[in-house]
Amino acid sequence: MLRFIESMQQAGAGNPTGPKWDNAFGYNVNPGRFAGTYCLGSDYGDRGGYKSLGANLATAVVGVAFMVTSRPGDPGNPLLEWWDGGSRQLSLYNDNSGRFRVYRNYPGGVLLGTGTFSLPVGSWVYVEWKVAFATGATGSVELRINGVTDILVTNVQTTTSGNAWANKLNLAGTYNAGGGNSQRYQDLYVLDNTGAQNNDFLGDCRVELRVPNADGAQQQFATVVPNTAGHYAKVAEIPHDSDTSYVEDATVGNVETYLRAALAATSGVVRGVQFSTVAKRSDAGAKTIAGAVRIGGVNYFGAAKTPSTVYTVEDNRDILELNPATGLPFTIAEVNAAEFGFKVNS
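Position one of the sequence shown corresponds to residue 3 (the numbering used here), numbered consecutively onward.
Have a look at this one:
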């Protein structure tokens, strides 16, 4: 099942990892992989951020669009790392010849495999990295570049912590091995091997951010700041502007839904829809909200979330792998027609 989706667009011209990642730092690069999009810029292999996934993943897959604009030294700089709490399990590197390497821990640890594909400078590739975590010689690692297997290692130890899982992804890394490189990231997903959907390699993916551009069928929140027409305009800024503009309500059951621009993609498979509510609690007492998707005039709600007293994004995130109205994967037309928003849950 999908655990996380990242477009790198949610901060606009700011640090692309800022809204969703822990201890994030990096810089915006525009254009990114596609015209009109941003990507994350990272230098020296130590500018990125941790993503706590909220679960222990015994098998995990991460996919991300990746490019280098200059070569690192040898052994290179980290592209991705899997962690268990404070313990680095595995690291993925791109070395001074453009080849990928997988290490247990980091280059001071054990080299598990080296690929044969040589990444050209200035060229985007889609990297997918699957790991079965094991404390003994029963784990495995597979790396695919543009859908083609480049590294495949089986019957190896793939952990350092003593636990057969990872619960945190590090984008770039904390170990600056070679220096001098500059790398780019965009269109990232993380999944595990559970569930009936999205439980193995997805192939080259594009993640599109869409923010409200018109009011939908329901605008029931009582307070609108500033008090001007268009509720959607108060929640559509990138990045969010805290208390400068917002909608607010305390009546349980009240719902807001919004329209968005159509997806740029006109064909292909929709793997999932992730929707996030930037929210905070402005009064005492227990309050919860829930994400909402409106399809065919019917509202469907996500799990209850408890906002903190400061604005957060990740506390209020839902991922839908299936259209709740049909029980099947979304089509592009269904995503374009749906309205997304939130409600006062309790």
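Backbone N, C-alpha and C define an ideal beta-carbon position, used for all residues, glycine too.
Alpha helix (DSSP H) runs contained entirely in the stretch 61-139, provided each spans 4 or more residues | none
Nearest candidate by alpha-carbon position, reference Glu137, set Val158, Val123 and Tyr128 | The residue you asked about is not Glu; residue 137 is Thr in the sequence shown. Looking at the Cα atoms, Val158 is the closest of the given residues.
So which of Asn32, Cys207 and Gly175 has the shortest CA-CA distance to Asp45?
-> Gly175
State yes or no: is the C-beta of Leu204 within less than 7 Å of the C-beta of Glu8?
-> no
Hey, how far is the Cα of Gln12 from the Cα of Leu55?
-> 18 Å
Residue from Gly304, Gly255 and Val143 whose Cα sits closest to the Cα of Asn347 | Gly255
Provide the residue span of the beta strand (DSSP E) that contains Ala219, from first to last.
-> Pro214 to Gln221
Spell out the partners DSSP gives Asp320 in its beta bridges.
-> Phe277
Which residues mark the beginning and the end of the alpha helix (DSSP H) in which Asn338 is found?
-> Ile334 to Ala339
Extent of the continuous beta strand (DSSP E) to which Gln199 belongs = From DSSP, Gln199 is part of no beta strand (DSSP E); its letter is neither H nor E.
For the stretch 97-110 and the stretch 217-234, state whether three or more C-beta atom pairs, one from each stretch, are separated by less than 8 Å.
-> no
Alpha carbon to alpha carbon, how far is Ser93 from Tyr187?
-> 16 Å
How about the stretch 243-258 and the stretch 216-226: do they share at least three Cβ pairs that are nearer than 8 Å?
-> yes
Alpha-carbon spacing of Ala306 relative to Gly343, whole angstroms = 13 Å
Secondary structure at Ser269, three-state DSSP: helix, strand or coil?
-> coil
Taking Pro33 as the reference, give the member of Ala15, Ala335, Val209 and Pro21 with the closest Cα.
-> Ala15
Within 6 Å: the Cβ of Gly75 and any heavy atom of the ligand FMN?
-> Inclusion of the ligand FMN in the displayed structure is not the case, the ligand content being empty and no account of it being possible.
Per-residue DSSP class, three states only, for Thr230 | coil
What residue from Thr308, Glu250, Phe277 and Lys132 has the CA that sits closest to Phe6's CA?
-> Phe277
Sorted by chain position, which residues of the same chain lie with C-beta nearer than 8 Å to Gly117's C-beta, five sequence neighbours on each side aside?
-> Arg101, Phe102, Arg103, Leu145, Ile147, Asp152 and Ile153
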